Every structure is written in structure tokens, then in C-alpha cells.
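Visitor: According to my numbering, the sequence shown is numbered sequentially starting from -11. The beta-carbon is built from N, C-alpha and C at its ideal position, and this holds for glycine as well. The structure displayed is predicted, hence computed values, not measured ones.
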Amino acid sequence: MTIRMTRREFAGLAGAVAMTRPVFAQTGAQLLTRAIPASGERLPAVGLGTAQVFNTADAATRQKAASVLQALIANGGRLIDTASTYRDAEVVLGDVIAPAGLRGKLFIATKLEEPDAAELKRSLSRLKTSKVDLLQLHNVSDPQQSLAHFKEWKSQGLCRYIGITSTFHGDFAAVEAVLKREKPDFVQIDYSLDNRLAEKRILPLAAEVKAGVLTALPFGRARLFRAVRGKEIPDWARLFAGSWAQFFLKYLLGDPRVTAVIPGTNNPAHMTDNLGAMRGPLPDPDQRRKMVAFVEAL
Ligand SMILES: NC(=O)c1ccc[n+]([C@@H]2O[C@H](COP(=O)([O-])OP(=O)(O)OC[C@H]3O[C@@H](n4cnc5c(N)ncnc54)[C@H](OP(=O)(O)O)[C@@H]3O)[C@@H](O)[C@H]2O)c1
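Below, the structure written as C-alpha cells:
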């Protein structure tokens, strides 16, 4: 049976379909990439965080990880953030990436607790790779912490970039001291629409020392989704966001000092939705102020 539609009926149907899925998820719009300040290398601006989601090296977790990585790569993503302390996450990633020959398509960032050669060797072996793209010192808490070993490992080709991380506001003074003295290639910090301390404390200094910025906890561990449960995205935000995830991520990407956001998920549909934040327009400064007011009024 052939269904005939007028042009107007077809346009109406296409519009209705578009409203049911993230507007920017699969469109042909150009992907948002950001230059890593230290090198100019461009990085897709949405990646994947792996805390909690790949904790157990079993078949079900490997299957989920494979689907999420497939969604990441298929939608133009490259960046995966993990850590030696995320239970089995490095093992699961290595088990999925190596046999599928995906290493060359990915930018792998991991973290060590200490500048410890044995810990680095273990991470490389678990990830089944001879080098990581970014090696970060996890949870910097002492202003005197040194990146000398990390710099040595970078010169030996064991990592391409080095960085530091923290999501503890009480340790931001230490993060600032290490950023200023050691000038790492990256700093990873907690930053979300409802948690904006990094705008005042870390982002200005990162720009000054030319460190790329990765934003941990971009949804505040799903706190933002809980805050808008049952609510529709406001009409004015539909100009740039097709879903709540894109609304939250595009707020962060609206700041040009942010190199990439790394939302955590073990759900391939969520991964695809998040990657949609690399497409279409970003909110301008006025729209970003409106987003803050919107979230503060919830
Ligand atoms: N000190 C540090 O260096 C540090 C500390 C904390 C975190 N991090 C990094 O930051 C990453 C992100 O933090 P996080 O994973 O804890 O928290 P998050 O990204 O703020 O939030 C993750 C939560 O959001 C949900 N979610 C993701 N995409 C969604 C979507 N499109 N729609 C609805 N729900 C969605 C996830 O559930 P689903 O799984 O169901 O999608 C999960 O519950 C970590 O994975 C880690 O790599 C670093």
C-alpha cells in the first residue's frame, strides 16, 4: 500500500519525529572539537567517564562497555577517562579495545594515585597498550606534589600528555599551586551547571598556564537529571539542546576554556545522546546566564 502525503503533511510528520529524539544526535552538523593548548591537536569535545560503570570484569560488563565504545566511536568521539582505582575499569577497557583493534581510534586518559612506576606498568598492562594519551595524577591534595616522574615518562613516550585532577574543593589551593608550578598539559576538575566553583578558581588559571580542561562530574553524578525529572526543556533552549543531557553539557562547552566533558555512562543510548552535544549551536553568554537562573530556580 502506498501512503500519499501532501508536502505540508510530510513536513508536519518529520517535525513530530524530530521532537521525539535528540535534535542534534544524528544530524550531519559539524562536530565540536577543541584544541589541546599544549599541542594544537584537536580533541572531540565530548568523551566518556568510566568511574563506577565498568567496575567488574565479567561478560555482561564487557558487553556493555563494547556497546558504549561503539556508540562513542560511531558518533565521532575519541576520549575515554579512566583510573587505576576505578576497580576493574582499565581491565574491561583493555579487554574490549585490544581485540577489536580500536586503540588507534581512541584518546585514553588514565590516572595514578602516586608517581609510581609499578602503578603505571600495571595500568598499561591492564589497558593492553604501550602508552596512554594522557596520564593524570589523581586527586592532588598537597601543593608540593611533583610531576617530575610524569614528565620523565612523557619524554620516554609512555604517555603523550600529563595532567592533574581533583574534585575536592578543599584541595583547590593545592591544585592551583601544582598547576602554576608544574604547568601540566591538562587539569581535570568537577564542573557542572549547578556546581560552578571551577569558573572562578580553576578555569582562569588553566587558561593562563595553557592547560586543557576536562570537566569531571558534568551531571553532578546524575543530580541534575533528578532536579529536572518530569520537566520539559524550556522552549528557548531547544534552539541549541535536544535533550536535558545536551542542555547540561552545552552549558559547560559554552565556555571556550573547557577542552572536553567526560560524562559517565554504561548505556549506549545515553552515550549517543551525550555526543549530540558536539553538534549544533552552543549557548551564547546571555543564554548561559539564563541556564544558570533556570537551574537555580528549580
Ligand atoms: N577526581 C577525579 O579525577 C574524578 C572524580 C570523579 C569523576 N571523575 C571522572 O568524571 C567522570 C564523570 O563523573 P560520573 O560518571 O561520576 O558522574 P556524571 O557524569 O556527572 O553522571 C553520571 C550519571 O549520569 C547518568 N547519565 C549519563 N548520561 C546520561 C543521559 N544522556 N541521560 C540520562 N542520564 C545520563 C549516568 O547514568 P547511566 O549510566 O544510566 O547513563 C550516571 O548515573 C567519571 O566517570 C570519571 O571519569 C574524575
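Does DSSP put I250 in a helix, in a strand, or in coil?
Guide: Correct three-state label for I250: coil.
Visitor: Mapping the DSSP letters down to three states, classify L227 as helix, strand or coil.
Guide: In this structure, L227 counts as helix in the three-state DSSP scheme.
Visitor: Quick check on DSSP: helix, strand or coil for A71?
Guide: Of the three classes helix, strand and coil, the one that applies to A71 here is coil, per DSSP.
Visitor: Go ahead and label F213 buried or exposed: buried means 16 or more other beta carbons lie within 10 angstroms of its beta carbon, across all protein chains shown.
Guide: Exposed.
Visitor: At a cut-off of 6 Å, would you count Q176 as near ligand 1, judging by its Cβ distance to the nearest heavy atom?
Guide: Checking the Cβ of Q176 against ligand 1 gives yes.
Visitor: Please go through the region 108 to 174 and give each complete alpha helix (DSSP H) segment of 4 or more residues, from N-terminal end onward.
Guide: For the region 108 to 174, whole alpha helix (DSSP H) runs of length 4 or above, ordered along the chain, are 136 to 143 and 160 to 170.
Visitor: Buried or exposed for E164, going by 16 or more other Cβ atoms inside 10 Å?
Guide: E164 is buried by the Cβ-count criterion.
Visitor: Could you tell me whether the Cβ atoms of L263 and G65 are closer together than 7 Å?
Guide: Yes.
Visitor: Is any heavy atom in ligand 1 found nearer than 6 Å to the beta carbon of H258?
Guide: Checking every heavy atom of ligand 1 against the Cβ of H258, one is found closer than 6 Å.
Visitor: So is A48 buried or exposed if we call it buried at 16+ other beta carbons inside 10 Å?
Guide: The residue is exposed, with fewer than 16 neighbouring Cβ atoms inside 10 Å.
Visitor: What's the call for Q51, buried or exposed, on a 16-neighbour Cβ count within 10 Å?
Guide: It counts as exposed.
Visitor: Once the 5 residues before and after I190 are set aside, which same chain residues still bring their CB inside 6 Å of it?
Guide: For I190, where only same-chain residues beyond five positions count, the Cβ hits under 6 Å are I177.
Visitor: Return the first residue and the last residue of the beta strand (DSSP E) that R22 is part of.
Guide: Where R22 is concerned, the enclosing beta strand (DSSP E) stretches over T21 to A23.
Visitor: For G158, count neighbouring C-beta atoms within 10 Å of its own C-beta (all shown protein chains included) and say buried if the count is 16 or more, exposed if not.
Guide: Exposed: under 16 other Cβ atoms inside 10 Å.
Visitor: Taking the CB atoms as reference points, tell me whether D76 and T44 lie closer together than 7 Å.
Guide: Cβ distance < 7 Å, so D76 and T44 count as in contact.
Visitor: Does the count of Cβ pairs from the region 125 to 134 and the region 78 to 97 closer than 8 Å reach three?
Guide: Verdict: no, contact absent.
Visitor: Is any heavy atom of ligand 1 found at a distance shorter than 6 Å from the C-beta of A215?
Guide: Every heavy atom of ligand 1 is 6 Å or more from the Cβ of A215, so no.
Visitor: Taking buried to mean at least 16 other C-beta atoms within 10 Å of its own C-beta, is G252 buried or exposed?
Guide: Buried, by the Cβ-count rule.
Visitor: Should the region 254 to 270 be called in touch with the region 217 to 232, which here means at least 3 C-beta pairs below 8 Å?
Guide: Judged by Cβ distances under 8 Å, the region 254 to 270 makes contact with the region 217 to 232, as three or more pairs qualify.
Visitor: Identify the continuous alpha helix (DSSP H) that holds I96 and give its terminal residues.
Guide: Looking at the DSSP string, I96 is not in any alpha helix (DSSP H); the run it does join, the beta strand (DSSP E), is F95 to L100.
Visitor: Which residue or residues does DSSP assign as beta-bridge partners of Q176?
Guide: According to DSSP, which records beta bridges pairwise, Q176 is partnered with T153 and L202.
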